[in-house]
Amino acid sequence: MTQPSTPLPPHVAIIGGGPAGLMAAEVLSQAGIKVDLYDGMPSVGRKFLLAGVGGMNITHSEAYPAFLSRYAERAPQIAPLLRSFGPDALCQWIHDLGIDTFVGSSGRVFPTDMKAAPLLRAWLKRLRDAGVVIHTRHRWLGWNSDGSLKVSCPDGEKTLQPDATLLALGGGSWSRLGSDGAWMLPLEQRGVELAPLQPSNCGFEVQAWSELMVGKFAGAPLKNIAIGLNDDVPRLGECVITATGIEGSLIYALSAPIREAINLDGSATVHLDLLPGKPVDKIEAALSKPRGSRSMAKHLHSQLGLDGVKAALLREVTAAECFADPAMLARAIKALPLTLVKTRPLDEAISSAGGVLFESMDERLMLKQLPGVFCAGEMLDWEAPTGGYLLTACFASGRAAGLGMVEWLQRKA
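The opening position of the sequence shown corresponds to residue -17 in the working numbering, with each subsequent residue numbered one higher.
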């Protein structure tokens, strides 16, 4: 008698080798599912490695309610992902890879050596040992008419017919690292509802700087300042003057509301507190002291320590008559209005907003329009500030999609 054949394990294709795709690959391989992962670049994890330049900020240690609030209007959709795999679980997962972590003074969590490469190497070894096959220089082109996947590779084009597919193709920023948003068109053609991609954690442009600002101060850091938008409490931090405007961590933290204000009104005015440690009355009193024959520049320096790029910015934005009125000048120093007119290009942004709407997917992150096709990572319609929040949600969504695929395949079997 012939022995009954053993059914082959399910086979899935993961498109995209960033944190979300790699995490889903780990979940699926642990469930005994055959995984082929495809990435258009010569190696996987390129944006992940770039994020580690200068220090791999993997997540944040702040309390969960504050952590979740960083995802703003998408917090309700991100919450179940973080409940399953939040910052603590992510840190434990990193420790299991043999990588220690520490919490910095800002509450951000880093690998002990501050580098992304050792973590990625250990992770890729684990995945390959689990049977995950990684195909680089393989770019997904969409679907063929029969529903199979179309992929270009060094040998031409391939047709793939997996039992399930995960799309984890990143957002639209840093296209040279593989996140170019080209996946939008094939999804639109299949009727998937998408939000337009927009820059997030990005710089902004002013109408025009003077030649002095561009020639002498482009690239100069603005340290120990606070910036506020509308009636919000100003945030402390630092940023950088650029040839076209302003960028840096403090601006990135406010990029979403600034961008939306520009979308709505055509511009957004932020207010810079150049001396957040001094109250306005003390500043006015210092400015009211006689300056004799000294120039205003020397007066600002001697009385307030205000010079360099801060003094130049004050001159750039403030009307000349203001410098003759200590009260007016003090108010300007505490709330210097800077009008921003547009974002820098999407490809320069650290991340992107927009993408696949959560409303287009079920609770497993499977597209309602395309059963068996799942999405994860930055290509979903959410955004968060830098500080570990972006990576944490990418890991969490990849894990959730992987678990969703396992469940769907088991039900289908």
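The C-beta atom is built at its ideal place from N, Cα and C for all residues, glycine as well.
None of the values given here were measured: they were computed from a predicted structure.
Given N206 as reference, the closest of G259, L296, P181, S237 once Cα atoms are compared:
The residue with the shortest Cα to Cα distance from N206 is G259.
I'd like to confirm the pairing. Which residues does DSSP put opposite K324 in its beta bridges?
According to DSSP, which records beta bridges pairwise, K324 is partnered with E187.
Output needed for L391: all residues of its chain with C-beta closer than 8 Å, excluding positions within five of it in sequence on either side, in chain order.
Excluding residues within five positions, the ones whose Cβ falls inside 8 Å are P(-8), V(-6), I15, D145, A146.
With C-beta atoms as the reference, is I60 less than 7 Å away from V91?
Contact flag unset, no.
Beta-carbon contacts of A208 that lie in its chain and below 7 Å, excluding the five residues immediately before and after:
Hits under 7 Å: P216, R217, L218, D255, P258.
Alpha carbons only, please: which of L328, A202, T94, I(-4) is nearest the one belonging to V291?
Comparing Cα-Cα distances from V291 to each of L328, A202, T94, I(-4), the minimum goes to A202.
Can you round the beta-carbon distance between L101 and I81 to whole angstroms, since I take them to be within the 8 Å contact cut?
L101 to I81, Cβ: 5 Å. Contact.
If I follow the unbroken alpha helix (DSSP H) through A309, where does it start and stop?
Counting along the chain, A309 sits inside the alpha helix (DSSP H) bounded by residues 308 to 316.
Do you know offhand how far L296's Cα is from A243's?
Between L296 and A243, the C-alpha separation is close to 24 Å.
Burial state of F377, where buried means 16 or more other Cβ atoms lie within 10 Å:
Burial call: buried.
Checking 7 Å against the spacing of the C-beta atoms, do V338 and L123 come in under that value?
No.
Cβ neighbours of Q171 in the same chain (closer than 8 Å, five flanking residues each side left out):
Closer than 8 Å at the Cβ level, and outside the excluded window around Q171, lie G124.
Rounded C-alpha distance that separates G68 from L4
Distance between the alpha carbons of G68 and L4: 17 Å.
Spatially closest choice to D137 from G129, H117, S127, A150, by CA coordinates:
Closest option to D137, judged by alpha-carbon separation, among G129, H117, S127, A150: H117.
Going by beta-carbon coordinates alone, are A383 and F340 separated by less than 7 Å?
A distance of 7 Å or more separates the beta carbons of A383 and F340.
Whose C-alpha, out of E229, D213, S155, L179, is nearest the C-alpha of A200?
A200 has its Cα closest to that of E229, out of E229, D213, S155, L179.
Would A302 pass as an interface residue toward chain C - the criterion being a Cβ-Cβ separation below 7 Å?
Protein chains in the displayed structure number just one, and chain C is not present.
May I ask you to report which of helix, strand or coil DSSP gives F67?
F67 falls in the coil class under three-state DSSP.
With a 10 Å radius around its C-beta and 16 neighbouring C-beta atoms as the bar for buried, classify N212 as buried or exposed.
Result: exposed.
Let's test the definition: count the other Cβ atoms within 10 Å of the Cβ of V252 and tell me whether it reaches 16, buried, or not, exposed.
Looking at its Cβ environment, which holds 16 or more other Cβ atoms inside 10 Å, V252 is buried.
Residues of its chain near K132, where Cβ-Cβ distance is below 7 Å and the 5 sequence neighbours each way are ignored
So the list reads L123, G124, W125, N126, E139, T141, once near-sequence residues are dropped.
Please tell me whether S270 and P308 are closer than 7 Å, where the distance is taken between their beta carbons.
Between S270 and P308, the C-beta spacing is below 7 Å.
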